[in-house]
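The letter at position 43 of the sequence shown is residue 43 when you use UniProt numbering, and the numbering goes up by one with no holes. Note that beta-carbon positions come from the ideal geometry of N, C-alpha and C, so glycine has one too. Since this is a predicted model, take the numbers as computed values, not measurements.
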Amino acid sequence: MRKQILDSEKIRRRVRLSNYHSTSKVSTFMVTKPMCMDEGWNRVGLKLAEIVSDAFKTTYVETVRIQVHANCRLRRIYFSSQEYKEDELPNAYRMHRTAVVREKPKRLPKKIPGPVDKKSTAVVDQTKT
């Protein structure tokens, strides 16, 4: 997932999160941060002002663009000026913890026995016309 931000020097810079990096990397226009996820749904909070200040020594102004790759499943992206506890959020923004439910294997429909052609093992259709 990538975020393009605008800083106080009016330069567009990128913040990139990925689970295949193990260390942070900072270049002139981009910072790469590792992201570790647990199984199931996770809540990721980014303090963009702190990331920009630490990496580029400038001030965060705004987010210009967010790019989410196809293999990343998200429920919702939202911005706020502060971090809220789970019980302070509206229901639409809460993480609903659900038990992992295993689906039952789908069964094939039962075959209706019919007369069998002795020359082959195929079942003969019994429909009346």
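Beta-carbon within less than 6 Å of residue i's beta-carbon, same chain only, minus the 5 sequence neighbours each way: which residues are those?
i: F29; result: R13
i: E83; result: G45
Using only the alpha-carbon positions, how far apart do residue i and residue j sit?
i: D54; j: E88; result: 29 Å
i: A70; j: D7; result: 27 Å
i: V52; j: N91; result: 31 Å
i: H21; j: C36; result: 10 Å
i: residue 138; j: V26; result: Past the edges of the chain, shown from 1 to 129, lies residue 138, and the structure says nothing about it.
i: R94; j: L48; result: 21 Å
i: L74; j: E39; result: 14 Å
i: R76; j: R43; result: 10 Å
i: E50; j: R16; result: 14 Å
Closest by CA to residue i, which one among the options?
i: I11; options: N71, E62 and S81; result: E62
i: R65; options: R73, Y78 and F56; result: Y78
i: S18; options: Y60, V31 and S27; result: V31
i: E9; options: D38, T59, M95 and E86; result: T59
Name the two residues that bound the continuous alpha helix (DSSP H) containing residue i.
i: E50; result: L48 to F56
Which of the three DSSP states is assigned to residue i in this structure?
i: Y93; result: helix
i: D38; result: coil
i: E88; result: helix
i: T63; result: strand
i: T32; result: strand
i: V26; result: strand
Tell me which residue opens and which closes the beta strand (DSSP E) that residue i is part of.
i: D7; result: R2 to D7
i: V15; result: R12 to S18
Only counting the same chain, and skipping five residues up and downstream in sequence, which positions put a Cβ closer than 8 Å to that of residue i?
i: Q67; result: M1, R2, K3 and Q4
i: T23; result: P34
I'd like the list of long-range same chain contacts for residue i, defined as Cβ closer than 7 Å, with 5 residues on each side in sequence excluded.
i: F56; result: D7 and R13
i: T129; result: Here T129 scores only 47 on pLDDT, less than 50, and its place in the model is too uncertain to base an answer on.
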